[in-house]
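Worksheet: the structure to be examined is printed underneath.
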């Protein structure tokens with residue numbers, strides 16, 4: 003997610019002030035790491051069990067049911083992909099009229115604190131996956147006692163906390179924005195002294211599409227920004243001077259095989275993804291670096307499923323912005339640009355099936371339809387190059403994702419048409 007640029011900067015830029023060589027460094031603040039993904043020592047490949055809780059056998063046979071936590075548009079598109087493979091889905095969703103309810107075989111409407119509903123849900127499925135990260139730990143504990151959860155708990159633990167996530171990425175030798183933990187006014191002042199301004203203060207947990215964030219352009223912004231966190235633990239991140247953002251969608255199967263999709267270039271408006279364009283207009287070296295980053299992250303988590311990884315393109319290399327342990331908005335282009343899209347790939351992985359071909363056969367521009375954009379559907383449908391994906395939401399509100407359109411702009415050429423290189 004890309005916040006607005008500071009005043010006076012070019013669009014898309016995040017900046018951090020170079021640190022004086024003589025300045026004192028706080029031990030709990032982190033500079034951006036500029037190393038390429040290091041070559042890790044070869045470890046014996048983990049042998050994934052063929053059974054999980056209550057003797058679930060993998061790979062799942064057609065006719066089995068996959069549980070999905072969350073009934074939004076991602077759960078909807080996962081359910082469609084599962085149905086193509088002869089698998090059913092059972093969605094667990096607290097909200098009314100979930101988009102996934104139109105296509106899932108079964109929906110349980112209950113809260114994540116309803117232990118009886120969670121138990122019944124788990125008993126009705128063979129494996130559990132999720133469409134969002136912020137699932138209560140107590141619910142995960144109850145579910146995992148009965149059925150396997152894919153991707154696993156470690157990926158959720160790391161991605162639910164921005165400080166933990168940044169620390170994990172830095173530990174792999176990957177570049178991130180400079181960051182420091184903030185718990186009160188004193189730690190914020192120390193973090194600003196270390197990292198400099200402009201910077202952005204974020205809650206460590208929750209928040210998406212630009213929410214739970216406050217920009218600091220001058221010291222006078224510190225108190226209001228801290229107040230905006232509502233007393234929640236926070237993280238201060240320095241602005242990174244970048245040219246544009248890309249993301250790479252990657253999948254890892256239960257057998258340890260990793261498949262990477264072609265990186266896409268992202269444009270955000272108001273903190274919400276507007277378009278993803280493939281090809282991204284990056285060099286072959288940058289393309290390979292993005293995929294190498296994905297290949298470093300997924301095995302380190304013993305990951306099974308699809309992950310979205312957002313990256314800043316800078317003069318010094320790629321900087322990891324954040325990871326999402328699920329199918330990702332910036333991967334929607336794969337639905338019409340690839341042999342196997344991200345949703346089918348995720349279902350294959352969590353069901354214990356072999357991963358499919360991630361090769362791109364077409365150039366695509368994915369555009370989100372947000373709020374009143376839904377009124378453009380008749381005009382968009384009149385263009386034969388547009389593939390529409392609507393989420394079945396009844397009410398169009400400002401900032402609400404109502405669907406997306408994949409516009410095919412031509413056939414893939416060169417290395418992009420080769421799978422997973």
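Residue numbers (the numbering used here): 3 to 423. Cβ atoms here follow ideal geometry from the backbone N, Cα and C, with glycine treated the same way.
Whose CA, out of the options, lies closest to the CA of residue i?
| i | options | result |
| --- | --- | --- |
| residue 427 | 127, 253, 98 and 154 | Examination of residue 427 is not possible in this model, given that the chain is present from 3 through 423 alone. |
| residue 278 | 407, 176, 194 and 201 | 407 |
| residue 330 | 133, 138 and 267 | 133 |
| residue 99 | 394, 411, 135 and 413 | 394 |
| residue 398 | 409, 375 and 390 | 375 |
| residue 306 | 190, 154 and 340 | 154 |
| residue 197 | 178, 160 and 60 | 178 |
| residue 151 | 262, 386 and 351 | 351 |
If you draw a straight line from the alpha carbon of residue i to that of residue j, how long is it in whole angstroms?
| i | j | result |
| --- | --- | --- |
| residue 328 | residue 79 | 12 Å |
| residue 308 | residue 361 | 15 Å |
| residue 300 | residue 348 | 13 Å |
| residue 116 | residue 125 | 14 Å |
| residue 371 | residue 403 | 6 Å |
| residue 324 | residue 415 | 29 Å |
| residue 219 | residue 200 | 4 Å |
| residue 335 | residue 131 | 22 Å |
| residue 97 | residue 72 | 9 Å |
| residue 283 | residue 267 | 8 Å |
| residue 364 | residue 269 | 20 Å |
| residue 260 | residue 59 | 22 Å |
| residue 174 | residue 255 | 21 Å |
| residue 189 | residue 235 | 11 Å |
| residue 377 | residue 344 | 27 Å |
With DSSP as the reference, identify every bridge partner of residue i, one or two as the case may be.
| i | result |
| --- | --- |
| residue 325 | 311 |
| residue 71 | 94 and 132 |
| residue 240 | 201 |
| residue 249 | 266 and 312 |
| residue 274 | 271 |
| residue 389 | 408 |
| residue 261 | 253 |
| residue 279 | 267 and 367 |
| residue 320 | 315 |
On the DSSP letters alone, give me the boundaries of the beta strand (DSSP E) that residue i sits inside.
| i | result |
| --- | --- |
| residue 196 | Here residue 196 belongs to no beta strand (DSSP E); instead the alpha helix (DSSP H) covers 187-197. |
| residue 413 | 403-413 |
| residue 369 | 364-372 |
| residue 205 | 201-205 |
| residue 268 | 266-271 |
| residue 216 | 215-218 |
| residue 341 | Element bounds for residue 341: n/a, residue is neither H nor E. |
Start and end of the alpha helix (DSSP H) containing residue i?
| i | result |
| --- | --- |
| residue 77 | 75-86 |
| residue 303 | That residue, residue 303, is in no alpha helix (DSSP H); it is neither H nor E in DSSP. |
| residue 348 | 344-352 |
| residue 66 | Looking at the DSSP string, residue 66 is not in any alpha helix (DSSP H), and its letter there is neither H nor E. |
| residue 228 | 224-230 |
| residue 382 | 379-383 |
Kindly say whether residue i, judged by its beta-carbon, lies nearer than 8 Å to any beta-carbon of chain C.
| i | result |
| --- | --- |
| residue 168 | No chain C is present in this structure, which holds just one protein chain. |
Entirely enclosed alpha helix (DSSP H) segments - the region 90-146, minimum 4 residues:
117-125 and 139-146
Go through the region 147-186 residue by residue and report every complete run of the alpha helix (DSSP H) that reaches 4 residues or more, in order.
155-161 and 164-173
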